[in-house]
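Here is the structure we will look at.
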Amino acid sequence: MEKTAELYEGKAKKVYATSDESLCIVSYKDDATAFNGEKKGTILGKGVINNRLTNRLMKLLSENGIPTHYVEELNERETLVKKVSIIPLEVIIRNISAGSFAKRYGVEEGIVFKSPTIEFSLKNDSLGDPLINEYHALALGLASEQEIRKIKEYSFKINDILKAFMLEHGIELVDFKLEFGRLPDGTMVLADEISPDTCRLWDVKTHEKLDKDRFRRDLGGVEDAYNEVMRRLLGEKA
Ligand code: TMP
Ligand code: ASP
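FYI, the numbering for the sequence shown is 406 to 643, going by the working numbering.
Below is the structure:
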């Protein structure tokens with residue numbers, strides 16, 4: 406499958422059309438941003454790692470009954486996916502307090518929750534991805550009641566699957582962000598990526614951060630952390 410026109414350039418990926426109208430090619434960049442694009446940088450090799458990790462995790466999820474946009478990995482940085490229209494909600498699942506949760510509610514990072522939480526943000530960088538609830542999403546027509554019910558069902562199931570898989574490899578899944586899209590027939594599938602850019606991943610023993618917080622917070626060792634996640638989850642180095 407060949408790329409034709411570039412459809413869209415995001416902060417971490419480009420999306421291309423193909424000769425098949427129902428398929429797109431996603432190309433992962435090494436560009437990194439934080440704080441809605443305010444902080445910019447490069448994480449060398451990130452595109453390759455995020456592409457391969459996302460595909461591994463998408464395959465795991467689809468084997469476990471979650472429909473996804475994944476079709477085929479084309480090369481180190483590029484993947485063929487089903488074309489979807491993205492539902493403009495960022496769905497965040499949390500198992501342990503961290504990041505904006507810790508800040509918003511004035512709690513320390515690292516509290517293991519009694520049960521996982523879910524929240525929705527409106528996908529809009531210029532507004533800073535504001536938190537919204539499901540009534541807002543319904544009122545604005547961003548998703549139907551049935552879709553919201555499915556998003557919640559899938560997201561908690563995805564959490565169970567990913568948490569168990571990561572734990573087998575010595576990684577604690579602290580929190581993560583998901584995006585869903587609609588196929589032309591209206592079917593909802595998991596889209597976007599699942600990577601150290603979009604998850605908080607801590608070493609299970611030392612609680613060392615193995616994700617994009619190393620970039621967001623200038624902790625150093627960013628590339629090493631991404632490589633370590635790749636090594637543990639895929640059993641290889643980038
Ligand atoms: P937060 O604590 O900053 O709200 O982030 C929660 C999770 O969502 C964390 O794993 C990082 C991920 N995330 C994204 O993937 N994209 C974003 O724009 C933000 C703000 C967070
Ligand atoms: N997606 C955020 C940004 O817009 C980055 C993040 O904190 O993950 O830069």
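For each residue, glycine too, the CB sits at the ideal point set by N, CA and C.
Quick check on Y510: buried or exposed, where buried means 16 or more other Cβ atoms within 10 Å of its Cβ?
exposed
Indicate the three-state DSSP secondary structure (helix, strand or coil) for M406 in the structure shown.
coil
How about I498 and S560: are their beta carbons less than 8 Å apart?
yes
Does the stretch 412-424 come into contact with the stretch 433-445, if we say contact requires no fewer than three beta-carbon pairs (one atom in each stretch) closer than 8 Å?
yes
What do you reckon, are the CB atoms on I454 and M635 nearer than 8 Å?
yes
Opposing strand residues paired with E411 [DSSP bridges]
Y421
So is the beta-carbon of R605 under 7 Å away from any non-hydrogen atom of ligand 2?
no
Relative to the alpha-carbon of I599, which residue among L638, G626, L428 and P535 has its alpha-carbon at the smallest distance?
L638
If you reduce the DSSP assignment to three classes, tell me which class A437 lands in.
strand
Which same chain residues, not among the five before or five after K642, have their C-beta less than 8 Å away from its C-beta?
The pLDDT assigned to K642 is 46, lower than 50, so where the model puts this residue is not dependable, and the model offers no usable value.
Keeping to the same chain, check which residues put their C-beta closer than 7 Å to that of D627; ignore five residues upstream and five downstream.
Rather than Asp, the amino acid found at residue 627 in this sequence is Val. If we look at V627 and ignore the five residues flanking it on each side, its Cβ neighbours are I448, R619 and F620.
Which of the three DSSP states, helix, strand or coil, is assigned to S490?
strand
Locate the beta strand (DSSP E) running through S526, then write down its first and last residues.
V517 to L527
Can you name, in chain order, every residue of its own chain whose Cβ lies under 6 Å from the Cβ of E481, other than the five neighbours on each side?
V453
Could you tell me the distance, in whole angstroms, from the CA atom of S728 to the CA atom of T592?
Nothing can be reported for residue 728, as the shown portion of the chain is limited to 406 through 643.
For I576, collect the residues of the same chain with a Cβ closer than 8 Å to its Cβ; drop the 5 residues on either side in sequence, then sort them by chain order.
L606, W607, D608, V609, L615, V634, R637 and L638
Cα separation between E407 and C429?
10 Å
Tell me which same chain residues have a C-beta within less than 8 Å of the C-beta of G654, skipping the five on either side of it?
Summary: the structure shown does not reach residue 654, with the chain confined to residues 406 through 643, and so no result is reported for it.
Helix, strand or coil for I576? Go by DSSP, reduced to three states.
strand
Following a CB-centred definition, is S531 positioned closer than 7 Å to any heavy atom of ligand 1?
no
Pop quiz: E514 and A503 are said to be a contact at Cβ under 8 Å. What is the actual Cβ separation, rounded to whole angstroms?
5 Å
Quick one: does the C-beta of F440 sit closer than 7 Å to a heavy atom of ligand 2?
yes
How would you label G586, buried or exposed, when you count the other beta carbons within 10 angstroms and need 16 or more for buried?
buried
Roughly how many whole angstroms lie between the Cα atoms of A596 and S549?
18 Å
Just the Cα atoms here: how many angstroms apart are S467 and A544?
31 Å
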